[in-house]
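Q: Under the numbering used here, the first residue of the sequence shown carries the number 5, and numbering increases by one thereafter.
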Amino acid sequence: MLVKLWSSALHGIEAKPIRIEVAIHQGIGYHMVGLPDNAIRESWHRIETALKTLGYSMPRQKIIVNLAPADLRKEGSSFDLCIALGILGASGQIDIERFAEYLILGELSLDGMVKHVQGILAMSRVAFDLKLKGLILPEKNRLQGQWIKSIPIMFIASLAELLSQNNPKEEYFEPPSRKEYSGIASTDIPDFKDVYGQKIPKRAMQIAAAGGHNLMLIGPPGAGKTMLSRCLPSILPALSYEEFIETLSVHEVAGQNIDNILTGLRPFRDPHHTTSDVALVGGGRFPQPGEISLAHNGVLFLDEMYEFKRSTLEVLRQPIESHKITISRSNGKVEFPARFMLIASVNPCPCGYLNHPAIQCTCSSRKIAQYQSKISGPMLERIDLQIGVEPIDAKKLLEVNSKKGLDNQSSEVLRDGVLQARQRQKERFNAIGLNEQIMLNSMMSSAQIKALVKLDSPGRKLLHHTIDKLNLSARLVHRTIKVARTIADLEGCDEVGVVHLSEALQLRCAV
Numbered sequence: 005m006l007v008k009l010w011s012s013a014l015h016g017i018e019a020k021p022i023r024i025e026v027a028i029h030q031g032i033g034y035h036m037v038g039l040p041d042n043a044i045r046e047s048w049h050r051i052e053t054a055l056k057t058l059g060y061s062m063p064r065q066k067i068i069v070n071l072a073p074a075d076l077r078k079e080g081s082s083f084d085l086c087i088a089l090g091i092l093g094a095s096g097q098i099d100i101e102r103f104a105e106y107l108i109l110g111e112l113s114l115d116g117m118v119k120h121v122q123g124i125l126a127m128s129r130v131a132f133d134l135k136l137k138g139l140i141l142p143e144k145n146r147l148q149g150q151w152i153k154s155i156p157i158m159f160i161a162s163l164a165e166l167l168s169q170n171n172p173k174e175e176y177f178e179p180p181s182r183k184e185y186s187g188i189a190s191t192d193i194p195d196f197k198d199v200y201g202q203k204i205p206k207r208a209m210q211i212a213a214a215g216g217h218n219l220m221l222i223g224p225p226g227a228g229k230t231m232l233s234r235c236l237p238s239i240l241p242a243l244s245y246e247e248f249i250e251t252l253s254v255h256e257v258a259g260q261n262i263d264n265i266l267t268g269l270r271p272f273r274d275p276h277h278t279t280s281d282v283a284l285v286g287g288g289r290f291p292q293p294g295e296i297s298l299a300h301n302g303v304l305f306l307d308e309m310y311e312f313k314r315s316t317l318e319v320l321r322q323p324i325e326s327h328k329i330t331i332s333r334s335n336g337k338v339e340f341p342a343r344f345m346l347i348a349s350v351n352p353c354p355c356g357y358l359n360h361p362a363i364q365c366t367c368s369s370r371k372i373a374q375y376q377s378k379i380s381g382p383m384l385e386r387i388d389l390q391i392g393v394e395p396i397d398a399k400k401l402l403e404v405n406s407k408k409g410l411d412n413q414s415s416e417v418l419r420d421g422v423l424q425a426r427q428r429q430k431e432r433f434n435a436i437g438l439n440e441q442i443m444l445n446s447m448m449s450s451a452q453i454k455a456l457v458k459l460d461s462p463g464r465k466l467l468h469h470t471i472d473k474l475n476l477s478a479r480l481v482h483r484t485i486k487v488a489r490t491i492a493d494l495e496g497c498d499e500v501g502v503v504h505l506s507e508a509l510q511l512r513c514a515v
């Protein structure tokens with residue numbers, strides 16, 4: 005007897021439908037075809053033991069399991085439950101037709117319990133696309149499964165529980181749209197009100213958050229670069245529902261903790277400077293998302309950026325522009341999303357005290373030049389805002405509790421400005437049908453800049469003068485205009501004026 009059931013496999017974060025076919029013929033042995041990896045081949049032992057534990061018998065004939073399509077590499081243990089049902093159905097021990105129109109996922113333990121699997125959010129889309137009746141998922145995936153919309157789900161703790169139900173009737177399935185996303189970000193993060201002074205860096209942070217621009221903070225040790233960076237998530241808007249599902253899918257596929265994502269808080273990734281190229285951008289024999297993909301829809305923070313290997317930093321150039329990373333292997337290509345804000349902190353020299361008002365730098369000019377050359381010109385051009393962070397007098401910090409006014413702006417105040425600026429961008433892009441492709445000023449192409457950004461006459465003159473004086477490249481000009489557009493949005497202006505361009509230029513070289 006031939007049995008056909010539906011399951012799914014991941015290719016990057018994209019889910020592919022997998023048709024599991026089980027046939028039993030005369031002969032002996034267990035054969036699995038369709039490019040399975042070792043975890044799938046080992047499923048035979050898990051399935052055999054689980055079925056015997058539950059009182060079922062393994063057929064004493066040749067069992068052939070085909071995972072179609074045959075040319076797609078399959079990996080993981082999420083096929084166990086589906087294969088076990090196929091064997092029971094092909095041997096006539098259960099009525100298998102009742103499971104034919106459901107997508108089945110789950111790893112089996114030796115006692116028949118169904119264990120957690122990765123990637124159910126992505127794989128649930130397969131059931132929707134195939135117009136199946138529902139999903140059969142492990143109970144241990146309920147946390148992720150509660151966000152799946154549009155299709156009913158049955159959560160099961162064991163194979164015995166599934167087989168005890170005569171039919172997958174509607175009452176066994178939870179209806180779609182089980183949990184609504186509130187979009188309220190967590191408040192358990194550092195607040196800008198705790199950062200004393202630093203008026204210009206705070207302003208730069210607000211501009212970066214409003215337009216999704218990349219930012220570099222340059223200053224001596226202890227000036228507050230890291231603290232400023234860690235406060236950034238507090239002024240970013242909560243993830244939209246689409247961003248939430250997208251971000252949750254990436255983290256789930258990578259096996260990462262999703263607690264912060266469930267609050268609506270945008271990812272904040274801060275890899276150590278010893279991080280390898282593969283860990284940063286993703287890869288491996290079976291490619292997994294790297295730090296840039298785990299920062300998707302959030303922030304990638306490179307603390308002490310000059311300490312990273314130059315080769316590691318250079319691999320960021322392409323994903324910064326394209327908002328995705330493509331990893332090529334001999335058996336195909338895998339694409340991961342990588343739309344993130346890059347925030348970097350650096351010391352100005354190896355000792356860290358170049359141009360410090362009180363401490364003398366001990367570095368030679370040769371060492372300083374060698375240190376600063378770790379970041380290439382093209383990479384620096386992709387960082388829109390480059391801000392100097394001045395050290396704060398430690399004595400003044402004792403008076404911080406009594407400090408009022410602009411220097412001690414709270415994250416709530418800054419966030420209000422960010423939300424208003426982003427709303428203006430959304431309305432502008434939506435008016436010409438671009439809201440699905442572009443959400444922020446930093447994502448505009450040169451053609452879109454020409455169509456959407458209006459410069460007043462004094463602003464044009466300033467930009468022409470700056471291009472002549474500083475010999476700016478086309479990329480730098482476009483990035484400066486995009487920053488100026490964001491500043492105008494923060495000020496509630498439709499036209500980009502000379503004041504906005506002037507501030508954008510100053511914040512590019514305010515070191």
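Glycine residues also receive a C-beta, built at the ideal position from the N, C-alpha and C atoms. In this text, all values refer to a predicted model and were calculated from it rather than measured experimentally.
Using DSSP with H/G/I as helix, E/B as strand and the rest coil, what is K119?
A: Three-state DSSP puts K119 in a strand.
Q: Near P63, which residues of its chain fall below 8 Å by C-beta distance, leaving aside the five closest residues on each side in sequence?
A: Closer than 8 Å at the Cβ level, and outside the excluded window around P63, lie I28, I91, A94, S95.
Q: Three-state secondary structure (DSSP) at T279?
A: Note: T279 maps to coil in three-state DSSP.
Q: Would you give the residue range spanned by the alpha helix (DSSP H) that A455 belongs to?
A: A455 -> alpha helix (DSSP H) spans 450-456.
Q: Three-state secondary structure (DSSP) at P21?
A: Strand.
Q: Just to confirm the assignment, what range does the alpha helix (DSSP H) spanning H482 have?
A: Counting along the chain, the alpha helix (DSSP H) containing H482 begins and ends at 478-494.
Q: Suppose only complete runs of 3+ residues qualify. What are the beta strand (DSSP E) ranges in the segment 108-161, listed by chain order?
A: For the segment 108-161, whole beta strand (DSSP E) runs of length 3 or above, ordered along the chain, are 138-142, 157-160.
Q: Does DSSP put N166 in a helix, a strand or coil?
A: According to the sequence provided, residue 166 is Leu. The question's Asn does not apply to it. In this structure, L166 counts as helix in the three-state DSSP scheme.
Q: Have a look at E385 and A478 and give me their C-alpha separation to the nearest angstrom.
A: Roughly 10 Å separates the two Cα atoms.
Q: If you check the beta carbons only, do Y106 and L136 fall under 7 Å apart?
A: Taking 7 Å as the Cβ cut-off, Y106 and L136 qualify as a contacting pair.
Q: Would you please state the rounded distance, in angstroms, between the beta carbons of V118 and L85? I believe it to be under 8 Å.
A: About 6 Å separates the two Cβ atoms, so the contact holds.
Q: Tell me the DSSP secondary structure of L410 in three-state form.
A: In this prediction, L410 has a pLDDT of 44, which is less than 50 and means its spatial position is unreliable; what the coordinates show is noted afterwards. Looking at L410 - three-state DSSP - the assignment turns out to be helix.
Q: Helix, strand or coil: which one does DSSP assign to V417?
A: It is helical.
Q: Please return the same chain residues whose Cβ sits closer than 6 Å to the Cβ of S326, not counting the five positions on each side in sequence.
A: Around S326: no qualifying Cβ.
Q: Could you tell me which uninterrupted beta strand (DSSP E) segments, each at least 3 residues in length, are contained entirely in the segment 344-384, listed from first to last along the chain?
A: You should have 345-350.
Q: Leaving out five residues on either side along the sequence, give the residues of the same chain with a beta carbon under 7 Å from the beta carbon of Q292.
A: Answer for Q292: A258, G286, listed in chain order.
Q: Using the C-alpha atoms, what's the distance from E165 back to G496?
A: Going from the Cα of G496 to the Cα of E165 covers about 59 Å.
Q: By DSSP's criteria, R273 is part of a beta bridge. Which residues make up the other side?
A: Paired residues: L304.
Q: Cβ of C365 within 7 Å of Cβ of Y357?
A: Closer than 7 Å, so yes.
Q: Leaving out five residues on either side along the sequence, give the residues of the same chain with a beta carbon under 6 Å from the beta carbon of L410.
A: Bear in mind that a pLDDT of 44 at L410, under 50, signals an unreliable position, so the number given afterwards is only what the model happens to contain. There are no such residues.
Q: At the level of alpha carbons, what is the spacing between L467 and G437?
A: Approximately 29 Å between the Cα atoms of the pair.
Q: Which same chain residues end up closer than 6 Å to Q424 when comparing Cβ atoms and leaving out the 5 residues on each side of it in sequence?
A: No residues qualify anywhere along the chain.
Q: For D493, is the classification buried or exposed, using 16 other Cβ atoms within 10 angstroms of its Cβ as the cut-off for buried?
A: Per the 10 Å Cβ criterion, buried.
Q: Consult DSSP for E105 and reduce its assignment to one of helix, strand or coil.
A: E105 falls in the coil class under three-state DSSP.
Q: Taking all protein chains shown into account, decide if Q413 is buried (16 or more other Cβ within 10 angstroms of its Cβ) or exposed.
A: So Q413 ends up on the buried side.
Q: Give every residue of the same chain whose Cβ lies closer than 7 Å to the Cβ of G149, excluding the five residues on either side of it in the sequence, and list them in chain order.
A: Closer than 7 Å at the Cβ level, and outside the excluded window around G149, lie I124, L141, I157, F159.
Q: Give the straight-line distance between the Cα atoms of Y310 and G268, rounded to the nearest whole angstrom.
A: Near 32 Å, if we compare the C-alpha coordinates of G268 and Y310.
Q: So A74 packs on V130, CB below 8 Å; how close in whole Å?
A: With a Cβ gap of about 18 Å, A74 and V130 do not count as contacting.
Q: Since R426 sits in a beta bridge, which residues does DSSP pair it with?
A: BP columns for R426 are empty, so no partner.
Q: What does the Cβ neighbour count give for T316, buried or exposed, with the cut at 16 atoms within 10 Å?
A: Per the 10 Å Cβ criterion, buried.
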